[in-house]
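Mind the numbering: the sequence shown is residues 341 to 1012 in our numbering, read in order.
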Amino acid sequence: MMKITKTTQILFIALVVVVIYANSLKSDFAWDDTFLIVENPYIKNWQSLDVVFSEHVYYGANKTSNYYRPLQLVSYIVDYSLWKLNPAGYHLTNLCLHAINSILVYVFIIAVFGSSGIAFLTALLFASAPVISSATYFIASRADLLAAFFILLSILAFIKYCRQKKRLPYVVSLACFILALLSRESAIVLPFLVALVFFKISSKRNFKELFRETYLFFILLIVYILARVTILNFVDGETGPAMTTYVAGIPFLNRMLTNFKVLAIYLRLLVLPFGLHMKRVIEPASSVFQPDILLSIGLIAIAGIMVKRLSRKYPSILFGLAWFFIALFPLLNVYPLSVFLHEAWLYLPSIGFYLLLSTVLLKTAYKKLGRFITGGIIATLLVYFISFSMLHGVVWRDSITIFQNTIRYDPSDPNVHANLALAYFDKGEEEEAIRQCRYSVSLNPKFSGGHNNLGFFYAERGEYIKAIKNFKSSIKANPENAAPYLNISLAYNKLGYYDKALDAITKCIELSPDYYKPYCTLGLVCFNLNNYQGAERAFKKARSLNKNSYEAHYYLGTLYLENGDTDSALKEYEICMRLDERDAEFYNNLAGLYIKTGEAAKAEKAFMQAKVMDDSYIASYNNLGNLYSALGMFDLAIVEYEKALSLEPDNPEIRSNLAKTYKDLDKASKSK
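Structure below.
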């Protein structure tokens, strides 16, 4: 019988990942991807690294969170520099990370247990497991992939250190621990996983030796925890997770009882992953004597007895179980999290479970059932996992498919319907968006977010009276929500009710003083009230809060342009040139600045770029025609005017410019 080489096994593991997730390259950005990537100004240039490493992960979306994951955002900066906003590139990065992690699992199991067979099956199960597929399909879950990557690298380096006693692998292991902590908070488990590995591979299994080899990991852990509760703590006691999440309102003992149910669900999903969906709602336990809690305890106890018996003969079973519980522990709501259960949270813990399962299949089942039956079970399980994971990719095609799938399991959640409405609106399906949003507020008339979204939809359609009505309902439902104040201010500004717009945006800034966008709106309102100094102060404040805000620089530059300060305007516009969010209007205004500074060639180039950005933007054709006419290039001017007229045939200014240019051309011809 031909022996399969380790290289072949590694290539096969990578191939399985590619086969499963190749279709993800056709998927769009979805759900939190919008906040973390599409609308996040801090991932669009390398100058934002200071903000990335000093703020929480949702800072760019003006959302409250206490997640400090700078390496997740750095990975998006790398993606953006390569792919801009092409989602295929971001999905490719996730695919590659999962493939690498699957290979690292294979290398890790061999390093600890020396069995390529168990390592190969463990890696294949991990690579294809449907329950953790969301970590790869969902770009916003990249933190799980990055943390696992650095944790596995750290452990492999530690194993090398234990066997070679060289300093460099130990330093690499510590460095990878730091990188893991900068990727995801749950990486705090690494020192305990290192201790687990040490007891398995070391010949000196005593606590004195353990302390000597691992104490630096625990020192780093303590430093990290101290930093997170002090300088890197982004919420206060009243607004933090311990005060605001649904889970936090449940007493500690009830949360711990509920964990029996959570564990039973996790164990089922790891083997029988049907019914996968986001936003799982787990009814908290009120008593140990609840039937579902008793059943969960019973099933876990039976599984525990079986594992204990088998682990006497096969240490990898006990090791896998220990890995599973150590890796899962921070996610069991000892400290309250946002939810009880999340499928992607199993990404790192599942390595231990699939090691346990692989050992049972290749050792126990193989001996009792024989090669062919055991092989059939393994083949069936892998085909099931691979097929299920591939099919599950359809759910992650875009935000619409995600929320449609979620509604199948929780049709009465108004927040899910509101999110689905936003997804429909982004796809241009306005009527369905409004229908979903109306249904959302019918489920909960006091749902502030639903009213705000509905108002936003009407405002985008130019129906500002309806929009204002819904923004008022949103404010009434939650007077502390800053978003509807911002939106109602924009609506009032559009209708010319500048005093009302000023009152609304002032309240918004009071509620959200550190977010740059309200100051941009304040500047626009002040400008319309002819308060140019107030507008300048507001735009400068927005710029100081977000130095990479295209809006702040653009509005400030336009204000300077209106006031005749060409040099200052050009300075702000040139900053905009580096921010990758330019549009046709920007280039049209930039060309106007170049004309004022006498740089006709640069002005022509800017007008050309405006046409590239939007070939239906009439002003760029008309103004370029004016430039050519002023330069005596009448033939070229006529071409631009005629293009402008084709877009707006009844425009009197363009008709007048064209007629005048024909006369000038005629005069020039006669003079020759």
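Just so it is clear, CB atoms sit at the ideal spot from N, CA and C, and this is done for glycine as well.
Quick caveat, the model's predicted, so the values are computed rather than measured.
Keeping to the same chain, check which residues put their C-beta closer than 7 Å to that of leucine 862; ignore five residues upstream and five downstream.
Only Ile845, Ile849 and Ala878 meet the Cβ criterion.
Tell me the rounded alpha-carbon separation between lysine 880 and lysine 505.
Rounded to whole angstroms, lysine 880 to lysine 505 spans 56 Å at the Cα level.
Compute the distance between the beta-carbons of valine 358 and alanine 467, then report whether it is under 7 Å.
No, they are not a contact pair.
Find the nearest neighbour of valine 979 within the set Lys942, His396 and Asn962, judged by alpha-carbon distance.
Answer by Cα proximity: Asn962.
Can you give, in chain order, each stretch of the alpha helix (DSSP H) that sits fully within the region 644-697 and has at least 4 residues?
Whole alpha helix (DSSP H) segments, 4+ residues: 655-668.
Taking the beta carbon of glycine 577 as the centre, do at least 16 other beta carbons fall within 10 Å, making it buried, or is it exposed?
Per-residue confidence for glycine 577 stands at a pLDDT of 47, beneath the threshold of 50, marking its modelled position as unreliable; the derived number appears in the next sentence. Result: exposed.
Would the beta-carbon of proline 751 fall within 7 Å of that of serine 780?
In this structure, serine 780 does not lie closer than 7 Å to proline 751 by Cβ.
Would you say the beta carbon of glycine 802 comes nearer than 6 Å to a heavy atom of the ligand FMN?
This structure simply doesn't include the ligand FMN, nor any ligand for that matter.
Thinking C-alpha only, which one of Leu830, Asn745, Gly790 and Asn818 is nearest glutamate 803?
Among Leu830, Asn745, Gly790 and Asn818, the Cα nearest to that of glutamate 803 is on Leu830.
Which residues in the same chain as glycine 932 place their Cβ atom closer than 8 Å to its Cβ, once the five residues preceding and following it in sequence are excluded?
Closer than 8 Å at the Cβ level, and outside the excluded window around glycine 932, lie Leu901, Ala943 and Asn963.
Identify, in the order they occur along the chain, each residue of the same chain with its Cβ nearer than 8 Å to the Cβ of threonine 579, setting aside the five sequence neighbours on each side.
At threonine 579 the pLDDT is 42, less than 50, meaning the model places this residue with poor confidence and gives no usable figure here.
If you draw a straight line from the C-alpha of isoleucine 350 to the C-alpha of aspartate 907, how long is it?
Using only the alpha carbons, I get a separation of about 60 Å.
Let me check understanding here. Comparing Cα to Cα, which of Ala841, Lys834, Leu835 and Gly836 lies closest to tyrosine 825?
When only C-alpha atoms are compared, the closest one is Ala841.
Counting only the same chain and skipping the five closest in sequence on each side, list residues whose C-beta sits under 8 Å from that of leucine 514.
Excluding positions up to five away in sequence, the list reads Ser494, Leu556, Phe557 and Leu560.
For arginine 748, count neighbouring C-beta atoms within 10 Å of its own C-beta (all shown protein chains included) and say buried if the count is 16 or more, exposed if not.
So arginine 748 ends up on the exposed side.
Check whether the Cβ atoms of tyrosine 446 and alanine 463 sit closer than 7 Å, and answer yes or no.
Taking 7 Å as the Cβ cut-off, tyrosine 446 and alanine 463 qualify as a contacting pair.
Considering histidine 387, what are the terminal residues of the alpha helix (DSSP H) in which it resides?
Before going further, note that residue 387 is glutamine rather than histidine in the sequence given. Premise fails: glutamine 387 is in no alpha helix (DSSP H) and is neither H nor E.
Taking only the alpha-carbon atoms, compute the straight-line gap between tryptophan 423 and alanine 480 and give it to the nearest angstrom.
If I take the Cα positions, the gap works out to 16 Å.
When the Cβ atoms of the region 660-670 are set against those of the region 687-707, are three or more pairs found closer than 8 Å?
Result yes; three or more Cβ-Cβ pairs closer than 8 Å.
Output yes or no for whether 7 Å exceeds the beta carbon distance between alanine 758 and asparagine 810.
Their beta carbons are not under 7 Å apart, which means alanine 758 does not touch asparagine 810 by this criterion.
Going by DSSP, what residue range makes up the alpha helix (DSSP H) through glycine 863?
Segment 856-868, the alpha helix (DSSP H) holding glycine 863.
With distances taken Cα to Cα, identify the nearest neighbour of tyrosine 430 among Leu686, Trp386, Cys777 and Ile377.
The residue with the shortest Cα to Cα distance from tyrosine 430 is Ile377.
Look up arginine 748 in the DSSP assignment and say whether it is helix, strand or coil.
Here arginine 748 sits in helix by DSSP.
Sort Tyr416, Glu395 and Ser415 by Cα distance to tyrosine 407 and report the nearest one.
Out of Tyr416, Glu395 and Ser415, Glu395 has the C-alpha closest to the C-alpha of tyrosine 407.
Taking leucine 635 as the reference, give the member of Asn599, Asn402, Tyr957 and Asp905 with the closest Cα.
Closest option to leucine 635, Cα to Cα, is Asn599.
When we look at the beta-carbon of tryptophan 371 and count the other beta-carbons within 10 Å, is it buried (16 or more) or exposed?
With 16 or more other Cβ atoms within 10 Å, it is buried.
To the nearest angstrom, how far is the alpha carbon of tyrosine 654 from that of phenylalanine 712?
When rounded, the distance between both Cα atoms is 22 Å.
Can you round the beta-carbon distance between glutamate 411 and leucine 519 to whole angstroms, since I take them to be within the 8 Å contact cut?
Per the sequence shown, the amino acid found at residue 411 is leucine instead of glutamate. Indeed, because the Cβ distance is near 6 Å, the residues count as touching under 8 Å.
On a Cα-Cα basis, can you pick out the residue from Leu722, His791, Tyr764 and Glu379 that is closest to asparagine 818?
The candidate whose alpha carbon is nearest that of asparagine 818 is His791.
Could you check the C-alpha separation between leucine 603 and leucine 465 for me, to the nearest Å?
Cα to Cα, leucine 603 sits roughly 19 Å from leucine 465.
Distance, Cα to Cα, phenylalanine 947 vs leucine 492?
Approximately 53 Å, taken between the alpha carbons.
Measure the alpha-carbon distance for threonine 374 versus serine 415 and round it to whole angstroms.
Approximately 15 Å, taken between the alpha carbons.
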